[in-house]
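Heads up: the structure comes next, in structure tokens.
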RNA sequence: GGGCUCGUGGUCUAGCUGGUCAUGACGCGGCCUUUACAAGGCCGAGAUCGGUGGUUCGAAUCCGCCCGAGCCCA
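Residue numbers (my numbering): 39 to 923.
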């Protein structure tokens, strides 16, 4: 090992490069091997929308712990990396980066610009991920926009369509009149807006009038019904009557529905197609007419009569003026209310009826729920979210988007009869806008004109296929001579779906954030299950979010964002990894600089201790037949740590694994064992100590390797690579317990004695190497006497079990409440009182007599204090006592 | 508005099925130059476990309500 302090900058960049160059993390499996020896991870492909942030660092690092742990457990780990670059996020990035609008470009031209911008960001992102030592196999990568993935995505569409799991329907969608596109629910946000509430008088046909309050008078021409709440007695007489719409004159039925908010306005509400989400629900639930008054650009349609051609805002003002003139406007007042706006442009959304493609979900909710139950959830509680999401599902999944960039539907429609014509599987990927359909004439009506579908897939429709993308799922045409097979069997018609790497499916672990359980996870389960009949994941690991130092969400608007760049310019990557290992999986983790500092200190400790080990035992030694008591004790302690750490890693309890290792390494190994080993090995030949020192040290390196990837590799290469048959510590075997037997009790007692003597010196302001004349240990520390004497510089050390000059007096009784409570119930208070008052004694059998009760000896422990009358000072060392003279 | 989650010393955190001195880290104070590490070691102070009511002999732990925070969905 090099002299001097640990230099993470050099070490980390050196190894990051070597791991990639030497393909240390290459997936080496093949389809023929046993799936139990493979561990596949469905790495979340980041959306290409900007730079790497702390959430990425955290999430990828947690995944890396799992990858490294399983790789060391002799599994071939498949840890791929993808980019999700076919969606809106990437379009937006491109627009922002280049200062353009997609509407101003030809579709292909804009797509090209997206590719260029994304490629740049992806290159940078990839480097950043490498610099975090994420042990991804960089030969296994994909982009969701690449041809292979487009093919998979279109194949998926065709397969579901042929299975009858997809349909096309005219239905309301969320529409941004400014951007002139359909948008999805997730792209909208709530915003507080000032508005005016207008009280408008409606007349009942052949009767009185009633008042409706609305902020959207321009929607009057789109009114198709009026609703009152079924419990609303004051308006109950309206139900069943017909209402005439002021100014427009058309009549609508007055109905009742529980979704009416009785508190707002008069409790009577108009339903327009469409003003808001509730209108859509009413439209569908009550099978209402469709009156579209506002078109795609926010302009009034012919339905608006005289107002046609005005913008909706202008129409609103004009209608209010006319209502006032007609005497139908009863009141207007300013209010603040919440409206749904497009998060990107801030313009309030409209709801339009358009033709969309859907994936059928609602008929198989129980199936998808059961699939969720079959997966192992880390943490378990996250299953609840999945469950509630499915139970609350009301809609099938709309997968079509009216966007510039994205994967096109492989579909054309007959210009005459609207018959759906799908692309041939072997022609995929296709772009129907530039390619002809596979038929010359419509199979239904014989017409020869076709209209291409110009919608693209929702980005989740593709990202929900990542397990299949990774496993190389594809359609294989049958060989030419197989064409004669029974044409009733769809597979025999022309081929079958196969995977290039079937051993990768189902995937062992899906890691992801809890915010997208309802999107990515659920949709992946649905799609993969429908395509393969198998649940895609054995386990799911859900990570929390990174919060700021004050436990608040990081966001640009709050200005509390911490950039990975800043962190990593000040701290080693291993320190950041140490910090990331500080949470229970699923919990949010606040960014804490002290957490990184603690990691940095551990790196330094590990480095310095390693230098000492190397100087004490520079060469490999044969394992002696007999190991000394202290060595056996250390190895036995280490065995416990190996078992505990292994279990913690298996359960994804990273913080517990980390802290368990740190504690044993720092205190048992460094503070206790190493200090003693110095005395045994300096100038002396002690094969037992030399072998044990190296064996333990080498195991600590392996145990720390998943978390502290760089420093362990650097040390391990210098000290152990030559004698071990692995090119990297990350390819070495995960430690198994050695099964060394030791007198653990005597060892712990001995360590307690050392601790007591250290304290003794410290309290007296003595240097730790200050000599002690005589030490007498009252207690069994057999086999450890020399070690204690040497490390504490005791001239003479003797042990005795006879405590002639040490007298023990009873100072109290410690009840075992877990046993006493159930047995004595209410009497416990009295027993406590008796003990407190010192009003108790013991009988000849050792039973406790207190508060008129007799407690057997197994219900309590007697607290004793040692009194020492002889010469010297008495120290407490757990169940041993030490006298120093 | 609904669902889920979280709330433990100054800060972060352990504490599964209730058992009585609540774990550890960081920070803080004091002491110790010990030939790996003073960026180390030892010791110490610091918590009525968000609030409140209940179940129980006994509650950080179980239940109700309230307050605060976060995520998802309306």
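In this text, a Cβ means the ideal position worked out from N, Cα and C, and glycines have one as well.
Boundaries (first-last residue) of the beta strand (DSSP E) holding residue i
i           : result
residue 549 : 545-551
residue 141 : Run containing residue 141: none; DSSP gives neither H nor E here.
residue 621 : Where residue 621 is concerned, there is no enclosing beta strand (DSSP E), given that its DSSP letter is neither H nor E.
residue 654 : Residue 654 -> not in any beta strand (DSSP E); alpha helix (DSSP H) instead, spanning 631-654.
residue 281 : 280-282
residue 94  : Here residue 94 belongs to no beta strand (DSSP E); instead the alpha helix (DSSP H) covers 92-110.
residue 490 : 488-490
residue 370 : 367-380
residue 891 : 891-893
residue 208 : 204-214
residue 201 : First-last for residue 201: undefined, no H or E at that position.
residue 59  : Here residue 59 belongs to no beta strand (DSSP E); instead the alpha helix (DSSP H) covers 46-59.
residue 6   : Lying outside 39 to 923, the shown extent of the chain, residue 6 is not represented and no answer is given.
Among the options, the one whose alpha carbon lies nearest that of residue i
i           : options               : result
residue 875 : 895, 423 and 849      : 849
residue 852 : 894, 671 and 157      : 894
residue 915 : 904, 908, 885 and 909 : 904
residue 856 : 822, 898, 871 and 202 : 898
residue 600 : 92, 201, 76 and 911   : 92
residue 260 : 274, 431 and 389      : 389
residue 817 : 810, 829, 839 and 799 : 839
residue 542 : 67, 245, 723 and 759  : 67
residue 488 : 337, 477, 498 and 494 : 477
residue 455 : 469, 432, 615 and 479 : 479
residue 305 : 248, 561 and 258      : 248
residue 332 : 863, 159 and 342      : 342
residue 805 : 829, 100 and 194      : 829
residue 630 : 620, 624 and 639      : 620
residue 888 : 638, 862 and 360      : 862
residue 344 : 483, 393, 327 and 287 : 287
residue 44  : 140, 174, 649 and 62  : 649
residue 568 : 780, 196 and 490      : 196
residue 515 : 549, 560, 463 and 548 : 463
residue 918 : 866, 147, 553 and 814 : 814
residue 253 : 314, 221 and 537      : 314
residue 251 : 48, 236 and 807       : 236
residue 214 : 457, 380 and 105      : 380
residue 262 : 432, 290 and 548      : 290
residue 908 : 900, 281, 192 and 923 : 923
residue 374 : 324, 232 and 795      : 232
Beta carbon of residue i nearer than 7 Å to that of residue j
i           : j           : result
residue 78  : residue 545 : yes
residue 103 : residue 744 : yes
residue 617 : residue 634 : yes
residue 820 : residue 790 : no
residue 654 : residue 719 : yes
residue 216 : residue 483 : no
residue 440 : residue 493 : yes
residue 152 : residue 86  : no
Residue range of the unbroken alpha helix (DSSP H) whose run includes residue i
i           : result
residue 433 : From DSSP, residue 433 is part of no alpha helix (DSSP H); its letter is neither H nor E.
residue 782 : 782-801
residue 560 : 560-570
residue 602 : 602-608
residue 899 : Element bounds for residue 899: not the alpha helix (DSSP H) but the beta strand (DSSP E), 898-906.
residue 686 : 667-688
residue 914 : No alpha helix (DSSP H) holds residue 914; the beta strand (DSSP E) holding it covers 911-915.
residue 700 : 692-701
Near the ligand MG: residue i beta-carbon under 6 Å from a heavy atom
i           : result
residue 392 : No copy of the ligand MG appears in this structure; indeed no ligand is present at all.
Which parts of the segment 714-758 are runs of the alpha helix (DSSP H), unbroken and 4 residues or longer, counting only runs that do not cross its ends? 725-742 and 747-757
The segment 251-271 / the segment 288-304 touching (three or more Cβ pairs under 8 Å): Here the segment 251-271 lies against the segment 288-304, with 3 or more beta-carbon pairs under 8 Å apart.
Could you name each continuous alpha helix (DSSP H) segment of 4 residues or more that falls completely within the segment 262-343, going from the start of the chain to the end? 315-323
Taking 8 Å as the threshold, find out whether the segment 109-128 comes into contact with the segment 433-451 through three or more Cβ pairs. The segment 109-128 vs the segment 433-451: in contact.
Cβ contact (3+ pairs, closer than 8 Å) linking the segment 771-778 and the segment 677-697: At 8 Å Cβ cutoff, the stretches touch.
Any contact between the segment 132-150 and the segment 193-209? By contact I mean 3 or more CB pairs, one from each, below 8 Å. no
Are the segment 750-764 and the segment 698-706 in contact at 8 Å, needing three or more beta carbon pairs? no
Give the list of continuous beta strand (DSSP E) stretches no shorter than 3 residues that lie fully inside the segment 441-477. As far as the segment 441-477 is concerned, its whole beta strand (DSSP E) runs of at least 3 residues are 449-452 and 458-460.
If contact is defined by three or more beta carbon pairs under 8 Å, each pair taking one atom from either stretch, is the segment 395-415 in contact with the segment 573-587? yes
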